[in-house]
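Each residue of the sequence shown is one higher than the one before, counting from 0 in numbering that gives the first Met the number 0. Notes to accompany the following structure.
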Amino acid sequence: MAYDLPGKKTKAFLNSCKSYFKHGLTYELDAKRANSRGFKPPAQIMLDRAKGDHIWDLDGHKFIDFQNGWATNPLGNCHPEILEAVRLANERYGYHWEHPLRFELAEKLAEIMPGKQLSRFTYEVSGTEAVESAVHTALCFKKRRYVVSFASSFHGASLATKMISGYTSEHNIYMEPWDGSVIKAPYPHSENIPAGMSHDQYVDYCLWHLDHHIPKYIVPSDNIAAVLIEPGLAEGGNWIPSKNFIEGIRKICDKHGWLMIADEVLTGLGRTAKMWGVDHYDVIPDMLIVGKNLSGGIAPCAGVATRDEILGNNPSASSGSTFAGTPAGCAAGLKTLEIYQRDSVIDHAKKLSEIAKNRMAEWVGKYSIVSEVRQLGLLMGISFAVPDNDKIKEGWDNSFIARTVRDQMLRNGVWAICDSESTVRMYPALNMAEKVFTEAFDIIESAIVDVDSGAVLVGDYPAVPTGVTGF
Ligand SMILES: Cc1ncc(COP(=O)(O)O)c(C=O)c1O
Numbered sequence: 000m001a002y003d004l005p006g007k008k009t010k011a012f013l014n015s016c017k018s019y020f021k022h023g024l025t026y027e028l029d030a031k032r033a034n035s036r037g038f039k040p041p042a043q044i045m046l047d048r049a050k051g052d053h054i055w056d057l058d059g060h061k062f063i064d065f066q067n068g069w070a071t072n073p074l075g076n077c078h079p080e081i082l083e084a085v086r087l088a089n090e091r092y093g094y095h096w097e098h099p100l101r102f103e104l105a106e107k108l109a110e111i112m113p114g115k116q117l118s119r120f121t122y123e124v125s126g127t128e129a130v131e132s133a134v135h136t137a138l139c140f141k142k143r144r145y146v147v148s149f150a151s152s153f154h155g156a157s158l159a160t161k162m163i164s165g166y167t168s169e170h171n172i173y174m175e176p177w178d179g180s181v182i183k184a185p186y187p188h189s190e191n192i193p194a195g196m197s198h199d200q201y202v203d204y205c206l207w208h209l210d211h212h213i214p215k216y217i218v219p220s221d222n223i224a225a226v227l228i229e230p231g232l233a234e235g236g237n238w239i240p241s242k243n244f245i246e247g248i249r250k251i252c253d254k255h256g257w258l259m260i261a262d263e264v265l266t267g268l269g270r271t272a273k274m275w276g277v278d279h280y281d282v283i284p285d286m287l288i289v290g291k292n293l294s295g296g297i298a299p300c301a302g303v304a305t306r307d308e309i310l311g312n313n314p315s316a317s318s319g320s321t322f323a324g325t326p327a328g329c330a331a332g333l334k335t336l337e338i339y340q341r342d343s344v345i346d347h348a349k350k351l352s353e354i355a356k357n358r359m360a361e362w363v364g365k366y367s368i369v370s371e372v373r374q375l376g377l378l379m380g381i382s383f384a385v386p387d388n389d390k391i392k393e394g395w396d397n398s399f400i401a402r403t404v405r406d407q408m409l410r411n412g413v414w415a416i417c418d419s420e421s422t423v424r425m426y427p428a429l430n431m432a433e434k435v436f437t438e439a440f441d442i443i444e445s446a447i448v449d450v451d452s453g454a455v456l457v458g459d460y461p462a463v464p465t466g467v468t469g470f
């Protein structure tokens, strides 16, 4: 049975705090607008509790968690062993910088870094800070002023990472002149390929732009320090780069003497069913940024791993805020890695990813609204587009369809992500029970059927997240 969302308690709660958060008034307005036009209001939940593969909202509705704290709970919600490790670390050390867990975790990370070649580590609190730290380290190491990042990339929401990310211009409004030293390179998305080009040709074009156009017409090669790439462009819509593209970037970096920085904040530590996203491409970056999963879903922990010489003697690249590498964060990271190894978590993620692959394989031809399914392990996305038939009104934005499917999934019991893009993004825990995972896919497919068949009308929601909880 589908949930009527938002439930009574959730709605009352949303209304009670609407004046405290950004977009606080949006939910009511959107609901009113949808109702007046005969559509369901946007589905909305507020968390009551979370455990393992599930979460519950204030009205007691239970959901399978494919949202995963924005891909941050690798072992499910509130893993008891990580909670305990964090409790013990807090009890023993409180907060101090000079605690042994900081060293133990750095040692463990060095062991699992690609090719075991990135042995130096610096701690940060968040992925955002870690990206900033990595970029500054690269500039200082190379003694150069520019960095290259890619269109649609997401590296954080601080001032610096807003400038570095490939956001659309509205996100950087009033900061436009600030990004003078970030060069945005084209990224070969698998949809919207320029007319007349194959995907391979598009990849070649993007690599050519990086290799030739940028150094010749934008900034001389010897003033570029690094290329920053997500090996799986996650927040931008779960775009999976081809092997040619990532390997091509490595070659171009080597040719020009640029550092290759892999932002593995989201792709790292098993999300793609390998330890690192770059492991799919047989490429070893010079620097690797880690965050999200390292927290075990309990205590923030992030940082940057580099080759020895990059951090080993780089006095000008200082970083590390007060709460970087807390005992709690390091304890969470250590316990998470221990469980990964003990329970063969990445093998399990691979098994789940095969199930997903088989389930989604025929969706593009089978459902007229599904334009593409993309997957690298458990980094999964389904893109939607207005089909060439009369089921859905012409001229409507593709993102309306994605939001409607995501809402229908939620009403039927699966919580996934759809921000402003035309993609529903899904990040289940790496250790999710197979039965729960399969059940989730039944629900996801039935939500697609509901919208595809016209049983649920596509709501004309604005292409921005709704509700009171932020953004
Ligand atoms: C690839 C990538 N880099 C950096 C960040 C920023 O990390 P945080 O939100 O922990 O600051 C994110 C967050 O989603 C991300 O996906």
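Virtual Cβ for every residue (Gly too), placed ideally from N, Cα, C. Keep in mind that this is a model prediction, so the values were computed, not measured.
- In the three-state reduction of the DSSP assignment, Trp177 falls in the helix class.
- Taken through DSSP and simplified to helix, strand or coil, Trp69 comes out as helix.
- The beta-carbon separation of Ile345 and Ala272, rounded to 6 Å, stays under the 8 Å limit for a contact.
- The C-beta distance from Glu103 to Leu333 rounds to 6 Å, short enough to fall under 8 Å.
- If you draw a straight line from the Cα of Lys61 to the Cα of Leu336, it comes to about 29 Å.
- For Met379, the enclosing beta strand (DSSP E) stretches over residues 378-383.
- At a threshold of 7 Å, Lys291 counts as near ligand 1, since its beta carbon sits closer than that to one of the ligand's heavy atoms.
- Its chain contains Met359, Trp362, Ile381 as the residues whose beta carbon lies nearer than 6 Å to that of Val372, once the 5 sequence neighbours on both sides are disregarded; these appear in chain order.
- In this structure the stretch 217-228 does not touch the stretch 192-204; the number of beta carbon pairs closer than 8 Å is below three.
- Judged by beta-carbon spacing, Ser151 lies beyond the 8 Å limit of Trp257, meaning their Cβ atoms are not closer than that value.
- At a Cβ-Cβ threshold of 8 Å, Ile400 and Val413 do not count as neighbours.
- Cβ-Cβ distances below 7 Å link Val404 to Phe383, Val423, Ala446, Ile447, Val450 in the same chain, with the five nearest sequence neighbours on each side left out; the list follows chain order.
- For a cut-off of 8 Å, the C-beta gap from Pro299 to Ser157 is around 15 Å, too long to register as a contact.
- Sequence-distant Cβ neighbours of Ser164 in its own chain, meaning closer than 6 Å and more than five residues away, are Ser152, Phe153, His154.
- Here Asn191 carries a coil assignment [DSSP, helix/strand/coil].
- Taking a contact to require three or more Cβ pairs closer than 8 Å, the stretch 94-112 and the stretch 240-251 do not qualify as touching.
- In the DSSP assignment, Tyr2 falls outside any alpha helix (DSSP H) and carries neither an H nor an E.
- A straight-line Cα-Cα distance of about 12 Å links Phe140 and Met286.
- Annotation for Val130 indicates a beta carbon within 7 Å of some heavy atom of ligand 1.
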